[in-house]
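In what follows, a structure is listed as structure tokens, so that the remarks can point back to it.
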Amino acid sequence: MTPSLFSADGLVGIIFLLMLAATLVGAIVVVTAKRLVRALAGLIVCFVGVASMYFYLNSPFVSMMQILIYVGAIAVTIAFAIMFADPEGKEQKNHGNLLSGPVGFCCATLVTFGLAALALSANWIPFAKINDGSVKEVGTQLLTTHAMVFELVSVLLLIAILGALVIAREGRRN
Amino acid sequence: MSLTLFNVLAAVIIIVAFVALNAAYLVWAERRGAGRIQRRPGPNINGPFGLFQPPLDGLKLMAKQLLIPNNTDKAVFITAPVLAMFPAIMSFVTIPFSDILVAHNINIGLLCVFAFASMGGMSLFFAGWSSRNKYAMMAAVRAVSQSVAYEIPMLITVITVVMISGSLDLREIVRQQSGNFLHWNIFPLLGNSHNLLMPFSFLIFFICSLAETNRAPFDLGEAESELVAGYHIEYGSMGFGLFFMGEYANIVVGASLATLLFLGGWACPFGLFPGVWWFLIKVYALIATVIWIRWTFPRTTIYSLLNLSWKVLIPLSLFNLLLTAGLLKVF
Chain E
1 MTPSLFSADG LVGIIFLLML AATLVGAIVV VTAKRLVRAL AGLIVCFVGV
51 ASMYFYLNSP FVSMMQILIY VGAIAVTIAF AIMFADPEGK EQKNHGNLLS
101 GPVGFCCATL VTFGLAALAL SANWIPFAKI NDGSVKEVGT QLLTTHAMVF
151 ELVSVLLLIA ILGALVIARE GRRN
Chain X
175 MSLTLFNVLA AVIIIVAFVA LNAAYLVWAE RRGAGRIQRR PGPNINGPFG
225 LFQPPLDGLK LMAKQLLIPN NTDKAVFITA PVLAMFPAIM SFVTIPFSDI
275 LVAHNINIGL LCVFAFASMG GMSLFFAGWS SRNKYAMMAA VRAVSQSVAY
325 EIPMLITVIT VVMISGSLDL REIVRQQSGN FLHWNIFPLL GNSHNLLMPF
375 SFLIFFICSL AETNRAPFDL GEAESELVAG YHIEYGSMGF GLFFMGEYAN
425 IVVGASLATL LFLGGWACPF GLFPGVWWFL IKVYALIATV IWIRWTFPRT
475 TIYSLLNLSW KVLIPLSLFN LLLTAGLLKV F
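Chains as they are written, first to last, in our numbering: chain E, 1 to 174; chain X, 175 to 505.
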């Protein structure tokens, strides 16, 4: 049964389509924008769109984390990088040759096709809502089921911090 | 509870009206408060106590021509003021005013508020950067470094509170503080924390919320003595009005969060008649303090501002986090 357009369910559906469009448009803006700031704005729109996809997939916790980390932290870090760059934002010339467009398109199609085929053929284990988003549940899952991933991520972050420190100290010596 | 379109629309209208009215009338309150502190009347011509000033100001701003300077990055330039109001409005979707008065309570409400609040800094960056103006650009640089610096101690402090209550549900956090004022998170004796440093936690949170909302003495992004006006220098008419209202809307969000996390939300200090009125009393008392601070303290410099965060607030809040974790383990 398709819900009426003028009901809460209809509204939810419209917003889903809007967010889907926002994700795609944002992603396209990122790769086509000539100015870095616009690319960043597109990236944020894309992140918010992806976050809303998570929300529709019944995992509000992941969705909020997506916004908090990607928009709140990563986009701001990129903003820092942009501030070090040329503020006038000169329009860059396109450096690719004629082949780069079609080849890139073919590669992207292949990857998308492969992923879609994998997703369709995979034997998904139906999860009844994995967690209700409560901190306790998420914490338990992180430190038991996903402990390996958790530790790997912390090692990665540690390396990043050490790298930043090394670079910063080099700069101070000179 | 079935969600109908009417419910959704009603919630949206009430939230937007609440945020906008608060923003408009806090401008009035601030100007009156500034007048009182500086021994002058403040706006007192239009209506009793100048109460008609905010709607008239709004009308004036909306009637003015929307001017977009030539070399600006138009799309980003127009988006920035919208982004200034958006996080505050989104935050109120999940901020509970009392046990039953909440637009939509989700069990990760606190996370939701901070997720949207973290987008606030981007509005200042986009505004300053797309203006193509030296002063606006300087303001954008300051605003971003400031919001990065103060988000860290703020989140660490919030994690301390979350560890104590074991929940991200704002309603649940308040429920655990119900009773008289000794049960509130800010007082360590009867609460769940036993951490004697909780008042300092509250102080850190309050300082960070001042800095995050770009309020004096931390309003380096709009230091008019150095930057003419700051990130909104090129904005006129309602574009400027939205930035102005966004600032006050964010103050309301910050004060509401401080009330919910530390001051017991809608709990009464003496355990009598808990309800939405106590929540509003606490929120507006905090907002009055914010206004009072602005007109009492001079503006700091950007270096001392960043030093305060990285060298004082972050170590202190980390220490407090560790101490709370240890105490929770012991008791």
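Beta carbons: idealized from backbone N, C-alpha and C, even for Gly.
Can you tell me the Cα-Cα spacing of residue i and residue j, whole angstroms?
i               : j               : result
P449 of chain X : W358 of chain X : Note that residue 449 of chain X is Gly in the sequence shown here, rather than Pro. Computed Cα separation, rounded: 15 angstroms.
L401 of chain X : Y409 of chain X : 14 angstroms
F84 of chain E  : G302 of chain X : 15 angstroms
L356 of chain X : L162 of chain E : 44 angstroms
L183 of chain X : I14 of chain E  : 15 angstroms
L43 of chain E  : L20 of chain E  : 14 angstroms
P209 of chain X : V464 of chain X : It should be noted that the sequence gives Gly, not Pro, for residue 209 of chain X. Each residue's Cα considered, the two are about 15 angstroms apart.
F505 of chain X : A499 of chain X : 10 angstroms
N123 of chain E : F113 of chain E : 18 angstroms
F379 of chain X : A403 of chain X : 27 angstroms
A73 of chain E  : L329 of chain X : 12 angstroms
S304 of chain X : A289 of chain X : 24 angstroms
V48 of chain E  : G10 of chain E  : 21 angstroms
L487 of chain X : W202 of chain X : 32 angstroms
F16 of chain E  : R214 of chain X : 53 angstroms
M175 of chain X : L434 of chain X : Residue placement at M175 of chain X is flagged as unreliable, the pLDDT there being 44, under the threshold of 50; the coordinate-derived value follows with that caveat. Whole-angstrom Cα-Cα distance: 25 angstroms.
F180 of chain X : V186 of chain X : 10 angstroms
V76 of chain E  : Q141 of chain E : 29 angstroms
N281 of chain X : L240 of chain X : 41 angstroms
S341 of chain X : L156 of chain E : 28 angstroms
A313 of chain X : P255 of chain X : 15 angstroms
M419 of chain X : V426 of chain X : 11 angstroms
S100 of chain E : V166 of chain E : 37 angstroms
E170 of chain E : A160 of chain E : 15 angstroms
A164 of chain E : S154 of chain E : 15 angstroms
W440 of chain X : F266 of chain X : 16 angstroms
S478 of chain X : Y70 of chain E  : 28 angstroms
L57 of chain E  : K503 of chain X : 35 angstroms
I242 of chain X : L257 of chain X : 17 angstroms
T145 of chain E : E151 of chain E : 12 angstroms
K308 of chain X : E398 of chain X : 13 angstroms
A168 of chain E : L446 of chain X : 56 angstroms
T474 of chain X : T253 of chain X : 30 angstroms
Looking at C-alpha atoms only, which residue of the options is the closest neighbour of residue i?
i               : options                        : result
A79 of chain E  : X:I242, X:L482, X:Q351, X:Q320 : X:Q320
F55 of chain E  : E:I44, E:V30, E:V12            : E:V12
Y65 of chain E  : X:S430, X:Y458, X:L285, X:T253 : Per the sequence presented here, residue 65 of chain E reads as Met, with Tyr not at that position. When only C-alpha atoms are compared, the closest one is X:L285.
L377 of chain X : X:R214, X:R213, X:L179, X:L490 : X:L490
N388 of chain X : X:L502, X:F493, X:I467         : X:I467
F471 of chain X : X:Q212, X:N181, X:A185, X:W202 : X:Q212
S63 of chain E  : X:V287, X:L482, X:N354         : X:V287
V25 of chain E  : E:V50, E:L36, E:R35            : E:V50
L384 of chain X : X:L257, X:G428, X:I274, X:E396 : X:G428
E325 of chain X : X:N354, X:P255, X:S292         : X:S292
T331 of chain X : X:S272, X:L233, X:F436         : X:F436
V41 of chain E  : X:D247, X:L496, X:L275         : The identity of residue 41 of chain E in the sequence shown is Ala, whereas the question assumes Val. Selected option, being the one with the closest Cα: X:D247.
M223 of chain X : X:K238, X:L233, X:A237, X:G207 : Per the sequence presented here, residue 223 of chain X reads as Phe, with Met not at that position. The residue with the shortest Cα to Cα distance from F223 of chain X is X:G207.
V138 of chain E : E:T109, E:S59, E:L115, E:A117  : E:S59
I476 of chain X : X:V318, X:K238, X:T253         : X:V318
L482 of chain X : X:L496, X:P327, X:N424, X:L497 : X:P327
Just to confirm before moving on: does the CB-CB distance between residue i and residue j stay below 7 angstroms?
i               : j               : result
R349 of chain X : N279 of chain X : no
R205 of chain X : G221 of chain X : no
I381 of chain X : P373 of chain X : no
A249 of chain X : P228 of chain X : no
A81 of chain E  : V45 of chain E  : no
L235 of chain X : S352 of chain X : no
L431 of chain X : A323 of chain X : no
I189 of chain X : A277 of chain X : yes
A39 of chain E  : A33 of chain E  : yes
R306 of chain X : N245 of chain X : yes
L200 of chain X : Y422 of chain X : yes
G283 of chain X : D343 of chain X : yes
L371 of chain X : N494 of chain X : yes
N354 of chain X : F444 of chain X : yes
Verify the contact flag: residue i, CB atom, against every heavy atom of the ligand COA, threshold strictly below 6 angstroms.
i               : result
S375 of chain X : Inclusion of the ligand COA in the displayed structure is not the case, the ligand content being empty and no account of it being possible.
Do three or more CB pairs link the region 384 to 404 of chain X to the region 331 to 348 of chain X at distances below 8 angstroms? The count of Cβ pairs closer than 8 angstroms, one atom from the region 384 to 404 of chain X and one from the region 331 to 348 of chain X, stays below three, leaving the stretches out of contact.
Spell out a yes or no on whether the region 403 to 419 of chain X and the region 450 to 459 of chain X are touching, meaning 3 or more CB-CB pairs, one atom from each, closer than 8 angstroms. Not touching, per the Cβ criterion.
Is the number of C-beta pairs between the region 187 to 201 of chain X and the region 253 to 267 of chain X that are closer than 8 angstroms three or more? Yes: the two stretches touch, three or more of their Cβ pairs being nearer than 8 angstroms.
Does the pairing of the region 289 to 297 of chain X with the region 453 to 462 of chain X give three or more beta-carbon distances under 8 angstroms? Touching, no, given that fewer than three Cβ pairs across the two stretches are closer than 8 angstroms.
Residue ranges of each alpha helix (DSSP H) within the region 312 to 354 of chain X, 4 or longer: Runs found: 344 to 349.
At what residue ranges does the region 361 to 417 of chain X contain a whole run of the alpha helix (DSSP H), taking only runs of 4 or more? Counting whole runs of 4 or more residues, the region 361 to 417 of chain X contains the alpha helix (DSSP H) stretches 372 to 386, 398 to 401.
For the region 45 to 121 of chain E, list the alpha helix (DSSP H) runs that are entirely contained and at least 4 residues long, ordered along the chain. Unbroken alpha helix (DSSP H) runs of no fewer than 4 residues, entirely contained in the region 45 to 121 of chain E, are found at 60 to 66, 75 to 84, 100 to 121, following chain order.
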